[in-house]
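*Asks:* Going by the working numbering, the letters in the sequence shown line up with residues 628 to 791, in that order.
Questions regarding the structure given below will be posed in turn.
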Amino acid sequence: MLHTREAWAYAAMGRHAAFERATRQAEESLASAAAEQEPYWIGYFDGAELAGVTGGRLLDLARTDPNQHAPTAASAIRTAIDHRGPEASRSHALDWIGLAECSFLLGDVTGAAETTRHAVNAAALTQSGRVRQQLAQLYPYTVGRDVPGPLREARDRIRDLLAT
Numbered sequence: 628m629l630h631t632r633e634a635w636a637y638a639a640m641g642r643h644a645a646f647e648r649a650t651r652q653a654e655e656s657l658a659s660a661a662a663e664q665e666p667y668w669i670g671y672f673d674g675a676e677l678a679g680v681t682g683g684r685l686l687d688l689a690r691t692d693p694n695q696h697a698p699t700a701a702s703a704i705r706t707a708i709d710h711r712g713p714e715a716s717r718s719h720a721l722d723w724i725g726l727a728e729c730s731f732l733l734g735d736v737t738g739a740a741e742t743t744r745h746a747v748n749a750a751a752l753t754q755s756g757r758v759r760q761q762l763a764q765l766y767p768y769t770v771g772r773d774v775p776g777p778l779r780e781a782r783d784r785i786r787d788l789l790a791t
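Put into structure tokens, the structure is as follows:
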């Protein structure tokens, strides 16, 4: 977990190589960790959590260089979604919101409409302020003149959810 926090800081500074190094260290540490020797409070940190955190930081990098980082961000986030279910409601919602943003950054409007729909569905199941904040940051991607119907519907659902 500490290596992911280090990677997070490197991503925030735009230091891609250092981010990759710290992420590899996190992967190695997780692979060698013995669950019975870890303190109870770290029990939530598993491969899905590592993938979600890594995907989120790659998304941070993708905001300045979408072509280089958005595909790998989407891949990591999809791994997190595949390995943790809706019972991790806050993380699950954040994963879908991140995946939707990746789709927008890559110009995949059809995929963005679908993942935004999933994001709103997942967000509706939690009262997390961070989830609402991330949805609010996703909203501007849904605004425009030539927005297709499914994306308009997703935008309306975001607006409705943020209003409650």
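Don't be surprised by glycine CBs; every beta carbon is placed ideally from N, CA and C.
Note that the coordinates shown come from a computational prediction; the quantities given were computed from them, not determined experimentally.
Within 10 angstroms of the Cβ of residue 782, are there 16 or more other Cβ atoms? Answer buried if so, exposed if not.
*Replies:* If you number the sequence shown from 1, residue 782 lands on position 155. It counts as buried.
*Asks:* Mind checking which residues open and close the alpha helix (DSSP H) that includes residue 777?
*Replies:* For the purposes of this step, residue 777 is identified with residue 150 of the sequence shown, where counting begins at 1. Start and end: 776-790.
*Asks:* To the nearest angstrom, report how far apart residue 717 and residue 755 are at their CA atoms.
*Replies:* Counting from one through the sequence shown, the residue named residue 717 turns up at place 90. Counting from one through the sequence shown, the residue named residue 755 turns up at place 128. About 7 Å.
*Asks:* Please tell me whether residue 742 and residue 727 are closer than 9 Å, where the distance is taken between their beta carbons.
*Replies:* Looking up residue 742 in the sequence shown gives position 115. Looking up residue 727 in the sequence shown gives position 100. Yes, Cβ-Cβ distance for residue 742 and residue 727 is below 9 Å.
*Asks:* To the nearest angstrom, how far is the alpha carbon of residue 749 from that of residue 721?
*Replies:* Translated into the one-based positions of the sequence shown, residue 749 becomes position 122. Translated into the one-based positions of the sequence shown, residue 721 becomes position 94. About 8 Å.
*Asks:* Note down the Cα distance separating residue 757 from residue 724, rounded to an integer number of angstroms.
*Replies:* Looking up residue 757 in the sequence shown gives position 130. Looking up residue 724 in the sequence shown gives position 97. If I take the Cα positions, the gap works out to 11 Å.
*Asks:* What are the start and end residues of each continuous alpha helix (DSSP H) run of 4 or more residues lying completely inside the region 690-717, in chain order?
*Replies:* 693-710
*Asks:* Is the region 699-711 in contact with the region 674-682, if contact means three or more CB pairs nearer than 8 Å?
*Replies:* yes
*Asks:* With DSSP as the reference, label residue 770 as helix, strand or coil.
*Replies:* On the sequence shown, residue 770 is found 143 positions in, with the first residue counted as 1. Coil.
*Asks:* Mind checking which residues open and close the alpha helix (DSSP H) that includes residue 737?
*Replies:* One-based indexing of the sequence shown puts residue 737 at position 110. Taken as a continuous stretch (DSSP letters only), the alpha helix (DSSP H) holding residue 737 covers 736-750.
*Asks:* In chain order, what residues of the same chain lie with their CB nearer than 6 Å to the CB of residue 671, ignoring the 5 residues before and after it?
*Replies:* Taking the first residue of the sequence shown as position 1, residue 671 is located at position 44. Once the five neighbours on either side are set aside, residue 671 has no close Cβ partner at all.
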